[in-house]
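Report on one structure; see the data block that follows.
Numbering (our numbering), first residue to last: 500 to 869.
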């Protein structure tokens with residue numbers, strides 16, 4: 500029995516942390532030999548991706564689905580069912596977790612969908628297909644086809660983040676690619692456009708594990724480690740412990756990327772950050788809008804005055820690259836108010852102003868409101 504995890508990334512330098520975590524978790528429980536992994540990009544031809552997947556001759560194929568790859572994956576599934584009809588095809592990821600029943604109805608070739616957090620769910624699917632148990636109806640967190648019926652099992656309880664093994668043991672496969680790292684899951688905020696607002700509980704990886712794993716990456720002199728924590732500095736002690744560790748173990752090469760809320764930074768944190776090596780750290784700071792009506796409509800908590808002050812203080816230190824984000828198309832925002840938001844952020848003099856366009860994500864509060 501062979502199971503194949505498939506990722507279709509936006510760029511070659513990206514890697515898909517989710518599928519690596521699923522494979523590592525299955526390997527931890529004795530199924531390393533049964534689970535393979537394949538990564539492609541949206542720039543690969545679909546014929547080439549299909550050919551490579553077919554050559555794997557996997558019995559079960561599971562795709563990691565996001566807004567940027569879902570259409571490609573659905574076309575691949577349609578073609579795979581023609582050339583490999585006996586294969587069991589599964590989906591997982593944020594783009595399919597919140598409308599699993601609809602997606603199964605629209606995609607006849609699908610066997611099922613993993614809903615929400617995937618490590619334990621995928622492990623039980625591996626056990627189901629290799630050992631014959633548990634039965635699908637006993638696996639939490641899935642939607643699956645049962646003859647002409649679609650069945651959805653009960654919600655999966657959340658995993659302790661420290662139970663997920665470190666996925667980058669074989670670091671040579673990530674040469675010239677960004678390393679994505681997760682020290683927490685969840686977000687304390689409730690921004691209506693964001694899926695992170697769905698899970699209010701924040702789980703942290705044990706700091707001793709974090710330090711051990713970061714030290715390994717530093718010793719390997721990887722160019723960049725990008726933390727995927729939704730609001731990295733929501734817990735001051737956690738953030739400071741990691742920042743202090745990377746300063747004490749600096750290799751002069753590795754850059755660390757963090758998504759933060761600048762208005763949460765304290766004087767102590769700002770003073771410490773000013774002591775870091777130039778380019779050791781870079782920040783992505785979501786502003787999204789400076790229009791009070793828009794900020795209220797998207798249920799975003801932000802002290803704009805303090806954010807501006809802290810961004811300026813970081814800029815003056817001249818050692819941390821700052822990306823400030825704006826979203827065009829938010830509620831209660833017209834051309835004039837967006838123009839003002841743009842000018843407000845531009846005047847903060849970020850190293851990069853990143854403009855994104857609103858994408859209404861499946862499962863987000865904004866989708867329910869639209």
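Virtual Cβ for every residue (Gly too), placed ideally from N, Cα, C. All values reported here derive from a predicted model rather than from experimental measurement.
Separation of residue 709 from residue 848, as counted between CA atoms: Each residue's alpha carbon lies about 33 Å from the other.
Return the chain-ordered list of same chain residues with a C-beta closer than 7 Å to the C-beta of residue 740, the five sequence neighbours on each side being excluded. By the criterion of a C-beta distance shorter than 7 Å, residue 740 is surrounded in its chain by 706, once the five residues flanking it on both sides are discounted.
Residue closest to residue 513, alpha-carbon to alpha-carbon, out of 827, 652, 725 and 856: Checking every option, the nearest Cα to that of residue 513 belongs to 725.
State whether the segment 504-511 contacts the segment 662-671, with contact taken as three or more CB pairs (one from each stretch) at a distance under 8 Å. These segments do not touch.
For the alpha helix (DSSP H) that contains residue 742, what are its first and last residues? Where residue 742 is concerned, the enclosing alpha helix (DSSP H) stretches over 735-747.
Taking the DSSP output, what are the residues bridged to residue 611? DSSP output for residue 611 lists 589 and 643 as bridge partner(s).
Is DSSP giving residue 752 helix, strand or coil here? Assignment of residue 752 by DSSP, reduced to helix, strand and coil, places it in the coil class.
Once the 5 residues before and after residue 797 are set aside, which same chain residues still bring their CB inside 8 Å of it? Close CB contacts of residue 797 within its chain, under the 8 Å cut and outside five residues either way in sequence, are with 690, 691, 692, 787, 788, 829, 830 and 865 (chain order).
Residue 586 vs residue 558 beta-carbon contact at 8 Å: At a Cβ-Cβ threshold of 8 Å, residue 586 and residue 558 count as neighbours.
Looking only at DSSP bridge pairs, what is residue 652 linked to? According to DSSP, residue 652 bridges with nothing at all.
Relative to the alpha-carbon of residue 685, which residue among 734, 611 and 527 has its alpha-carbon at the smallest distance? The residue among 734, 611 and 527 with its C-alpha nearest the C-alpha of residue 685 is 734.
At 3 residues or longer, and completely inside the segment 531-587: list those beta strand (DSSP E) runs for me, N to C. With a minimum length of 3 residues, the continuous beta strand (DSSP E) runs that stay inside the segment 531-587 are 534-540 and 559-563.
Looking at the structure shown, is residue 863 part of a helix, part of a strand, or coil, going by DSSP? Residue state for residue 863 is assigned as coil, using DSSP reduced to three classes.
Measure the C-alpha to C-alpha separation of residue 612 and residue 641 and round it to an integer number of angstroms. Near 6 Å, if we compare the C-alpha coordinates of residue 641 and residue 612.
Could you say if the segment 751-771 and the segment 807-820 meet the contact criterion of at least three C-beta pairs nearer than 8 Å? Yes, the segment 751-771 touches the segment 807-820.
Find out if the Cβ-Cβ distance for the pair residue 821, residue 850 is shorter than 8 Å. Contact: yes.
If residue 657 and residue 616 are in contact, beta carbons under 8 Å, what's the gap, nearest whole angstrom? That belief holds up - the Cβ atoms of residue 657 and residue 616 are roughly 6 Å apart, short of 8 Å.
Proximity winner among 651, 648, 655 and 681, relative to residue 664 (alpha-carbon distances): For the set 651, 648, 655 and 681, the Cα lying nearest the Cα of residue 664 is the one of 681.
Is residue 780 closer than 8 Å to residue 755 when the C-beta atoms are compared? In terms of Cβ geometry, residue 755 and residue 780 form a close pair [threshold 8 Å].
Among 700, 556 and 545, which one has its Cα closest to the Cα of residue 569? Checked all of 700, 556 and 545; the closest Cα to residue 569 is 545.
Please state whether the Cβ-Cβ distance between residue 666 and residue 516 is less than 8 Å. Pairing residue 666 with residue 516 gives a Cβ-Cβ distance under 8 Å.
Uninterrupted alpha helix (DSSP H) stretches inside the segment 788-815 (no shorter than 4 residues): Listed in chain order, they are 791-796.
Which residue spans inside the segment 673-741 form an unbroken alpha helix (DSSP H) run of at least 4? Positions of the alpha helix (DSSP H) runs, each at least 4 residues long and wholly inside the segment 673-741, are given as 706-718 in order along the chain.
Quick one: any contact between the segment 594-610 and the segment 531-541, if contact means 3 or more CB pairs under 8 Å? Result no; under three Cβ-Cβ pairs closer than 8 Å.
Straight-line CA distance for residue 749 to residue 727? Approximately 20 Å between the Cα atoms of the pair.
Expressed to the nearest angstrom, what Euclidean distance is found between the alpha-carbon atoms of residue 500 and residue 816? The alpha-carbon atoms of residue 500 and residue 816 are separated by roughly 56 Å.
Alpha carbon of residue 745 to alpha carbon of residue 554, nearest angstrom: The alpha-carbon separation between residue 745 and residue 554 amounts to approximately 42 Å.
My assumption, with CB atoms under 8 Å, is that residue 688 sits in contact with residue 861. Please give the rounded CB distance. Cβ-Cβ separation between residue 688 and residue 861: approximately 19 Å, too far for a contact (criterion under 8 Å).
In three-state DSSP terms, what is residue 833? For residue 833, the secondary structure class from DSSP, reduced to helix, strand or coil, is coil.
Given residue 775 as reference, the closest of 761, 759, 526 and 818 once Cα atoms are compared: Residue 818 is the option with its Cα nearest to residue 775.
Suppose you measure from the CA of residue 608 to the CA of residue 835; what does that come to, to the nearest Å? Residue 608 and residue 835: Cα-Cα distance of roughly 47 Å.
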